[in-house]
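Number of protein chains: 2
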Amino acid sequence: MSLYIPYEEMKSTIRQAMLKAGVPEDKAEICAEIHTASSADGVESHGLNRVPRFIDYLERGLVDPLAEPEIISSRGAVERIDGHLGIGITNALFAADRAMELAKVHGIGCVALRNTTHWMRGGTYAHRTAEKGFMGISWICTESCMPLWGSDEMSVGNNPLCIGIPRDGSPVVLDMAMSQYAYGKLGVYELAGKQTEYPCGFDEEGKMTYDPGAVLKTKRIMPTGYWKGSGLALALDLAGTMMSCGKCTHEISEPRDGSCGGCSQIFITYDPNLFGDYDEVLKKTEARVAAVNAAHPSDPSRPVQWPGEGTAKRRAKSKERGVTANEKVWEEVCRLAAR
Amino acid sequence: MSLYIPYEEMKSTIRQAMLKAGVPEDKAEICAEIHTASSADGVESHGLNRVPRFIDYLERGLVDPLAEPEIISSRGAVERIDGHLGIGITNALFAADRAMELAKVHGIGCVALRNTTHWMRGGTYAHRTAEKGFMGISWICTESCMPLWGSDEMSVGNNPLCIGIPRDGSPVVLDMAMSQYAYGKLGVYELAGKQTEYPCGFDEEGKMTYDPGAVLKTKRIMPTGYWKGSGLALALDLAGTMMSCGKCTHEISEPRDGSCGGCSQIFITYDPNLFGDYDEVLKKTEARVAAVNAAHPSDPSRPVQWPGEGTAKRRAKSKERGVTANEKVWEEVCRLAAR
Numbered sequence: 039m040s041l042y043i044p045y046e047e048m049k050s051t052i053r054q055a056m057l058k059a060g061v062p063e064d065k066a067e068i069c070a071e072i073h074t075a076s077s078a079d080g081v082e083s084h085g086l087n088r089v090p091r092f093i094d095y096l097e098r099g100l101v102d103p104l105a106e107p108e109i110i111s112s113r114g115a116v117e118r119i120d121g122h123l124g125i126g127i128t129n130a131l132f133a134a135d136r137a138m139e140l141a142k143v144h145g146i147g148c149v150a151l152r153n154t155t156h157w158m159r160g161g162t163y164a165h166r167t168a169e170k171g172f173m174g175i176s177w178i179c180t181e182s183c184m185p186l187w188g189s190d191e192m193s194v195g196n197n198p199l200c201i202g203i204p205r206d207g208s209p210v211v212l213d214m215a216m217s218q219y220a221y222g223k224l225g226v227y228e229l230a231g232k233q234t235e236y237p238c239g240f241d242e243e244g245k246m247t248y249d250p251g252a253v254l255k256t257k258r259i260m261p262t263g264y265w266k267g268s269g270l271a272l273a274l275d276l277a278g279t280m281m282s283c284g285k286c287t288h289e290i291s292e293p294r295d296g297s298c299g300g301c302s303q304i305f306i307t308y309d310p311n312l313f314g315d316y317d318e319v320l321k322k323t324e325a326r327v328a329a330v331n332a333a334h335p336s337d338p339s340r341p342v343q344w345p346g347e348g349t350a351k352r353r354a355k356s357k358e359r360g361v362t363a364n365e366k367v368w369e370e371v372c373r374l375a376a377r
Numbered sequence: 039m040s041l042y043i044p045y046e047e048m049k050s051t052i053r054q055a056m057l058k059a060g061v062p063e064d065k066a067e068i069c070a071e072i073h074t075a076s077s078a079d080g081v082e083s084h085g086l087n088r089v090p091r092f093i094d095y096l097e098r099g100l101v102d103p104l105a106e107p108e109i110i111s112s113r114g115a116v117e118r119i120d121g122h123l124g125i126g127i128t129n130a131l132f133a134a135d136r137a138m139e140l141a142k143v144h145g146i147g148c149v150a151l152r153n154t155t156h157w158m159r160g161g162t163y164a165h166r167t168a169e170k171g172f173m174g175i176s177w178i179c180t181e182s183c184m185p186l187w188g189s190d191e192m193s194v195g196n197n198p199l200c201i202g203i204p205r206d207g208s209p210v211v212l213d214m215a216m217s218q219y220a221y222g223k224l225g226v227y228e229l230a231g232k233q234t235e236y237p238c239g240f241d242e243e244g245k246m247t248y249d250p251g252a253v254l255k256t257k258r259i260m261p262t263g264y265w266k267g268s269g270l271a272l273a274l275d276l277a278g279t280m281m282s283c284g285k286c287t288h289e290i291s292e293p294r295d296g297s298c299g300g301c302s303q304i305f306i307t308y309d310p311n312l313f314g315d316y317d318e319v320l321k322k323t324e325a326r327v328a329a330v331n332a333a334h335p336s337d338p339s340r341p342v343q344w345p346g347e348g349t350a351k352r353r354a355k356s357k358e359r360g361v362t363a364n365e366k367v368w369e370e371v372c373r374l375a376a377r
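Structure (structure tokens):
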């Protein structure tokens with residue numbers, strides 16, 4: 039069953055649960071805000087739903103709540119940061135902020151963060167960068183969770199790639215994992231007794247299938263765009279490893295480290311006001327965004343949207359009506375907060 | 039019918055055809071090499087096959103063979119270049135080389151090239167960067183040639199994204215357009231009387247189809263990964279326009295300008311030896327590449343490959359046996375060279 043929890047109540051409950059698990063006050067505040075915002079925006083998998091698993095990781099020592107990110111190398115417009123297996127969200131925010139500082143000086147800034155932990159919803163950082171007026175490109179090199187094209191075993195990460203474009207209004211934010219459907223999404227389809235609209239992976243006989251249950255069993259999830267998403271995921275892996283000199287996919291695929299334990303993340307930011315013509319650049323952005331909305335829709339009742347267009351509306355609605363929460367998950371987080 | 043033309047013969051014939059069309063000697067040499075290499079690598083669409091169209095563009099004044107790229111703004115690690123509608127290949131090479139020069143100084147370099155023309159095979163520049171020891175990310179913002187997800191009209195470019203990873207041996211080069219199948223590829227399927235393996239677009243009734251002929255008619259080509267490739271193409275459009283302050287997609291969609299007339303291209307390069315640990319970085323790259331080849335194949339007779347793995351082999355084979363050429367196209371290029 040779904041509940042509607044007031045935004046501030048959800049946030050303070052998550053905050054409390056984190057404090058009880060040993061997260062320092064300032065970090066608990068930030069993480070609670072970001073998990074709540076994710077749920078409010080409709081990305082429940084990395085919002086409230088992820089809190090118990092995050093706390094489990096803290097308790098198993100996979101995430102060190104006291105570790106601070108450390109700038110270990112710096113040259114020109116590039117920095118390398120060691121996350122020391124600290125909290126993924128606060129590490130990634132630190133790195134994104136450093137990348138913006140570098141972009142202020144050099145026009146473009148690049149931060150490679152290694153030895154960090156799960157950043158939760160990937161779009162968070164591109165969104166933050168864009169809200170501060172910078173264009174941002176970021177991605178994560180995860181453990182293997184998807185077969186490479188032509189393989190029947192998990193051999194590449196789903197490596198979400200995020201691009202944030204600043205605007206006067208809500209930024210455009212692409213948050214794109216390299217699997218066509220996330221495992222979490224397949225679970226939702228399975229629970230609802232539904233097949234996916236497009237092939238979601240391969241079954242036990244190696245046949246392409248629309249059956250989410252079959253793919254949850256084989257773990258042969260479909261790469262986005264078949265061979266193309268497989269190739270892009272691998273290229274991002276290689277590029278991220280090169281930039282961070284961090285762990286390779288196969289080094290972070292040890293299950294004892296949890297999801298994304300010791301992973302690398304890349305943050306590239308660009309200052310669109312670099313050459314003093316931001317007004318013109320902004321006008322072009324607005325014209326392009328308007329052209330998207332003006333594109334003739336294939337279904338007249340569903341206007342064409344840009345990535346992130348619905349986010350601001352969903353957030354506002356969640357703030358008004360309460361944030362959707364699964365009853366069992368909410369009870370669990372309340373229990374973790376009341377210990 | 040297919041012919042096998044000796045590599046040097048094809049190159050000198052293309053060179054001659056370009057000279058006859060008014061391309062200066064140095065540029066004709068470079069372009070002939072790149073068109074020939076594309077055909078030799080199996081990318082015939084942007085190799086020999088593209089030469090007559092390129093010469094047609096020259097003759098219609100859509101490409102100015104005498105125009106030189108001009109650095110119009112420069113700050114920190116970023117440069118903007120105006121291509122003055124010069125030759126796409128030589129403009130893009132100039133921009134890629136500038137990006138490497140910037141990366142040598144700042145660790146990362148970023149060049150936004152605007153007002154340029156078709157760069158032919160996109161992977162050329164990521165490959166060049168990687169061969170010189172730099173990691174490269176580049177993309178192009180093309181005219182509309184694909185519907186946005188949810189639209190039934192062409193409203194976004196297919197915007198190829200290329201990533202090149204240096205190695206001791208052949209670089210890893212991803213060259214990924216945001217359409218699942220290129221129009222050229224659909225033409226090949228249609229000629230062979232074949233359906234595509236995966237949905238290639240939408241037919242006249244708006245239904246998803248595997249029929250290449252139907253999609254060539256509607257121009258409703260399928261984005262890579264459905265909604266995902268559509269979103270990524272748009273994000274690259276917006277990012278590229280922001281960086282170059284160049285023409286928006288809808289501004290370069292006027293058919294009178296030819297394909298990619300006045301388009302923008304972005305070149306980001308990164309120096310993997312920035313922090314003096316290139317040996318370690320390279321070892322990680324080799325381990326990752328080896329892990330790809332070691333991934334269990336779903337078909338035991340087809341080992342898993344990384345993007346660009348076949349390129350060096352195909353090039354060597356073409357140099358030995360001759361480069362595959364369509365008879366009619368070859369005759370046409372010979373005619374253009376003999377004028």
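Read top to bottom, the protein sequences are chains A and B.
For the first sequence, the working numbering assigns the number 39 to the initial residue and increments by one for each residue that follows.
For the second sequence, the working numbering assigns the number 39 to the initial residue and increments by one for each residue that follows.
We treat Cβ as the ideally placed atom computed from N, Cα and C, and that holds for glycine.
By the 10 Å Cβ neighbour count, where 16 or more other Cβ atoms means buried, how is A/Glu82 classified, buried or exposed? buried
Rounded to the nearest angstrom, what separates B/Met56 and A/Ala215 at their Cα positions? 43 Å
From B/Leu96 to B/Ser50, what does the alpha carbon distance come to, in whole angstroms? B/Leu96 and B/Ser50: Cα-Cα distance of roughly 19 Å.
Looking at A/Gly145 and B/Arg113, is the spacing between their C-beta atoms short of 7 Å? yes
CB A/Met192 to CB A/Lys232, shorter than 7 Å? Cβ atoms of A/Met192 and A/Lys232: not closer than 7 Å.
Hey, is A/Ala150's beta-carbon within less than 7 Å of any beta-carbon in chain B? At a cut-off of 7 Å between beta carbons, A/Ala150 makes no contact with chain B.
Under the three-state DSSP convention, the category B/Tyr308 falls into: strand
Is the shortest distance between the beta-carbon of B/Gln54 and the beta-carbons of chain A less than 7 Å? no
Contact residues within the region 236 to 260 of chain B, judged by C-beta distance below 7 Å to chain A: Tyr236, Gly244
Does the distance from the CB of B/Gln303 to the CB of B/Thr262 come in under 7 Å? no
Of the residues A/Glu139, A/Val116, A/Ala137, A/Ala141, the one placed nearest B/Val143, counting alpha carbons only: A/Val116
Length of the line joining the Cα atoms of A/Ile178 and A/Gly160: 8 Å
In chain A, which residues lie less than 8 Å from B/Cys286 when you measure between Cβ atoms? Lys322, Ala325, Arg326, Ala329
Consider the Cβ of B/His144: report whether some Cβ of chain A lies at a distance smaller than 7 Å. yes
What's the C-alpha gap between A/Trp187 and B/Pro62? 44 Å
In the region 244 to 275 of chain A, which residue ranges form an unbroken alpha helix (DSSP H) of at least 4 residues, counting only runs that do not cross its ends? 250 to 256
If the cut-off is 7 Å on Cβ atoms, which residues from the region 123 to 144 of chain B count as contacting chain A, listed in chain order? Taking 7 Å as the Cβ-Cβ cut-off, the region 123 to 144 of chain B approaches chain A at Val143, His144, given in chain order.
Run through the region 192 to 241 of chain B for me and flag every whole alpha helix (DSSP H) of 4 or more residues, listed as ranges in chain order. 221 to 229
Could you tell me the distance, in whole angstroms, from the CA atom of B/Arg118 to the CA atom of A/Ala137? 21 Å
Residue-chain proximity (B/Asp64, chain A), Cβ-Cβ < 7 Å: no
B/Asp295 to B/Ser182 span [Cα, whole Å]: 13 Å
For A/Ala329, count neighbouring C-beta atoms within 10 Å of its own C-beta (all shown protein chains included) and say buried if the count is 16 or more, exposed if not. buried
A/Cys372 - DSSP class collapsed to helix/strand/coil: The three-state secondary structure of A/Cys372, taken from DSSP, is helix.
At a Cβ threshold of 7 Å, is B/Gly119 touching chain A? First, the amino acid is wrong: residue 119 of chain B is Ile here, not Gly. Chain A, which has no Cβ nearer than 7 Å to the Cβ of B/Ile119, makes this no.
Under 7 Å Cβ-Cβ, which residues of chain B neighbour A/His334? Here the neighbours are Ser189, Asp190, Glu191.
When the Cβ atoms of the region 149 to 165 of chain B are set against those of the region 241 to 249 of chain B, are three or more pairs found closer than 8 Å? no
Taking the Cβ atom as the reference point for each residue, do A/Ser111 and B/Phe313 lie within a distance shorter than 7 Å? yes
Leaving out five residues on either side along the sequence, give the residues of the same chain with a beta carbon under 6 Å from the beta carbon of B/Leu272. Excluding positions up to five away in sequence, the list reads Val194.
Taking only beta-carbon atoms, is B/Pro338 less than 7 Å away from chain A? no
In the DSSP assignment, find the unbroken alpha helix (DSSP H) run with A/Asn129 in it and report its ends. 126 to 144
Using only the alpha-carbon positions, how far apart do A/Arg340 and A/Arg352 sit? 16 Å
Is B/Gln303 helix, strand or coil when you go by DSSP? B/Gln303 falls in the strand class under three-state DSSP.
If you draw a straight line from the alpha carbon of B/Ala38 to that of B/Phe172, how long is it in whole angstroms? With chain B running from 39 to 377 in the structure shown, residue 38 of chain B is simply not present.
Flag this pair as touching only if the region 192 to 211 of chain B and the region 270 to 287 of chain B have three or more C-beta atom pairs under 8 Å; answer yes or no. yes
If you count every other CB in all the chains shown that lies within 10 Å of the CB of B/Asp309, and 16 or more means buried, which is it? Counting of Cβ neighbours within 10 angstroms places B/Asp309 among the buried residues, the total reaching 16 or more.
Can you list the alpha helix (DSSP H) stretches of 4 or more residues lying completely in the region 64 to 116 of chain B, in chain order? If we require 4 residues or more, the alpha helix (DSSP H) runs fully inside the region 64 to 116 of chain B come out as 89 to 97.
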